[in-house]
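Take the position in the sequence shown, starting the count at 1, then add 639; the result is the number in our numbering.
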Amino acid sequence: MKDVPLKDTPLNDGPLDLTRLMAMDGARAARLLHRVRDAALAGEPPPVAPRPVIEASWRRMLGLGLDPDRSAYGVLLGPDELEQRRRASALSEAMDTLSGALREIVHSSHQVMVVTDDEGRVLWREGPPATLRQADGICLEEGAAWSERAMGTNAIGTALAMRTPVQVHSAEHFVHGLHTWTCAASPVHDPRDGRLLGVVDVSGPATGFHPTTLALVSSVARLAESELRQRHGRAVERLRSVAAPILCRLGGRALAVDPHGWTAAVTGMPPVDRLPLPKTLRAGRLWQPSLGMCSVEPLPGGWLIQVDEECPHSETISRVVLDLSRPRRWSVAVSGSAGSWAQELTPRHAELLYILAVHRAGRSAAELAGDVFGDPTRTVTVRAEMSRVRRHLSGVLAHRPYRFSEEVEVEVVRPRDPADLLPHSTAPAVLDARRLPCP
């Protein structure tokens, strides 16, 4: 490949920047990106530093042993499994919003809109027929896997790994077969519980690259989240209309919650925004950490939960298991004399609980702020997050300093490779832990 004289480029004074890259001649920019990638993958100093998000992804791919010359093909989901994933995805409720916002743009610019689940599997796509045929050539098809592990550095997979909007252009892709493409993707989160639902992506031939595409895709992802939030609000209102007359006739403490634990109505106790629920909930008896033993009955669109006043809230929690072994789904399970209970964690709560599990003597708000943000002054944010965690884990966490209760046994289930510990996290305490061997 012919070298690009760096003195003829505007980029030799710092890392690559997509806006500045666009100002270059397209062919020269492509050649420079190839030189940067080839040098970085060979372990040599690149002529210009790659963007940090790209460099970090390349390192992950090298750590996985992914072949950069592998074919950009994979095994597609069968029609039945694809349809099952579509029905199970909350993003199906926002597809009209996503398509409506992007249809005209992708057709006029000869690009493809792609929506994936949280594993990077393509559930839906839309675009002009000619571009869809081109997308078939790189397996950007419904049912295809586009995680980093499957396709290397790419906007979909890297956005999932980093949980942040990402744009990947030309030779920034790890796999050589994707170098003629450009893509921009943004994660979409469930406003009900913060869970990552998937990614919305716009991809097309590299000749159609524009740095503002990422801002567009990010705004459409927020629009989809807003649609889901409004739908959830209407569902809670419907549940409230059913539950309120029932609660008026009950004595004692009770509340009606939707399937995600959001409170629609309450009686006999201070209102709470949300009650953490087990992943699978059935009618019958339930031990709930903040309430004690409860009885659970189904309601249209939710559950009626009554506190058992004859069973005092005196359960003893003896064990906590913090499971961080999976790439994007972390959970905490508590068990004790009254039974066991588990809850999925947000990325921030997973970070905080991991740090407290490592520091059993406890951490002050300033210390946690340094551990998570690298800034001891961000105590207000830490206290707000810890307040939310403690509401969900009553009897497990103490404060002043923040810590797991002394009588509780705490186990952390780490990923097999320390580098995979909370891969989304940029918290200094987590970055340090990734460099250490597993205990």
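Beta carbons: idealized from backbone N, C-alpha and C, even for Gly.
Among the options, the one whose alpha carbon lies nearest that of residue i
i, options, result
"Arg760", "Glu990, Ile795, Leu741", "Ile795"
"Gly766", "Glu1024, Leu991, Val896, Leu737", "Leu737"
"Ser728", "Ala784, Leu835, Met790", "Leu835"
"Gly782", "Glu811, Cys933, Thr819, Leu721", "Leu721"
"Arg913", "Ser929, Gly907, Trp969", "Ser929"
"Glu866", "Ala1008, Ser747, Gly682, Gly739", "Gly739"
"Thr803", "Asp757, Thr819, Ile777", "Asp757"
"Gln750", "Arg924, Val935, Ala769", "Ala769"
"Pro909", "Met752, Gln982, Arg1030, Arg1017", "Arg1030"
"Asp1071", "Arg924, Met700, Gly1013", "Gly1013"
"Arg873", "Ile885, Arg831, Thr906", "Arg831"
"Leu741", "Trp785, Asn793, Asp677, Ala860", "Ala860"
"Leu853", "Leu889, Gln806, Glu1046", "Gln806"
"Leu995", "Pro1054, Glu683, Arg1042", "Arg1042"
"Val997", "Val881, Arg868, Arg1053", "Arg1053"
"Ile885", "Asp706, Gln945, His871", "Gln945"
Buried versus exposed, by CB contacts within 10 Å (16 or more), residue i
i, result
"Gln773", "buried"
"Gln927", "buried"
"Glu876", "exposed"
"Asp1056", "exposed"
"Val856", "buried"
"Ala1023", "exposed"
Test item: CB-CB of residue i and residue j under 9 Å
i, j, result
"Val754", "Asp840", "yes"
"Val1049", "Leu961", "yes"
"Val1021", "Ala1004", "yes"
"Glu948", "Arg892", "yes"
"Ala668", "Ser809", "yes"
"Pro1067", "Asp1010", "yes"
"Gly791", "Thr821", "no"
"Pro691", "Leu671", "no"
"Ala711", "Ile777", "yes"
"Gly717", "Ala1058", "no"
"Gly1001", "Pro1040", "yes"
"Asp897", "Gly833", "no"
"Pro689", "Ala679", "yes"
"Glu811", "Arg699", "no"
"Arg888", "Glu732", "no"
"Ser974", "Arg958", "yes"
Three-state class that DSSP yields for residue i in the structure shown
i, result
"Asp1010", "helix"
"Gln750", "coil"
"Trp901", "strand"
"Val714", "coil"
"Ser970", "strand"
"Arg1017", "coil"
"Met908", "coil"
"His815", "helix"
"Ala783", "coil"
"Gly739", "helix"
"Val1049", "strand"
"Ile777", "coil"
Residues of its chain near residue i, where Cβ-Cβ distance is below 8 Å and the 5 sequence neighbours each way are ignored
i, result
"Arg879", "Ala895, Ala903, Ala904"
"Met1081", "The question about residue 1081 has no answer here: the residues shown for the chain are numbered 640 through 1078."
"Asp775", "none"
Residues near residue i in its chain [Cβ-Cβ closer than 6 Å; skip 5 each side]
i, result
"Ser972", "A quick correction: the sequence has Ala, not Ser, at residue 972. Excluding positions up to five away in sequence, the list reads Val960, Ala981."
"Pro937", "Ala922"
Own chain partners of residue i with C-beta closer than 7 Å, once the 5 adjacent residues on each side are dropped
i, result
"Pro1062", "Ala800, Pro966"
"Arg709", "Val814"
"Pro915", "Gly900, Gln982, His1031"
CB contact check: residue i to chain C, cutoff 9 Å
i, result
"Pro1057", "Of the chains in the structure shown, none is chain C; there is only one protein chain."
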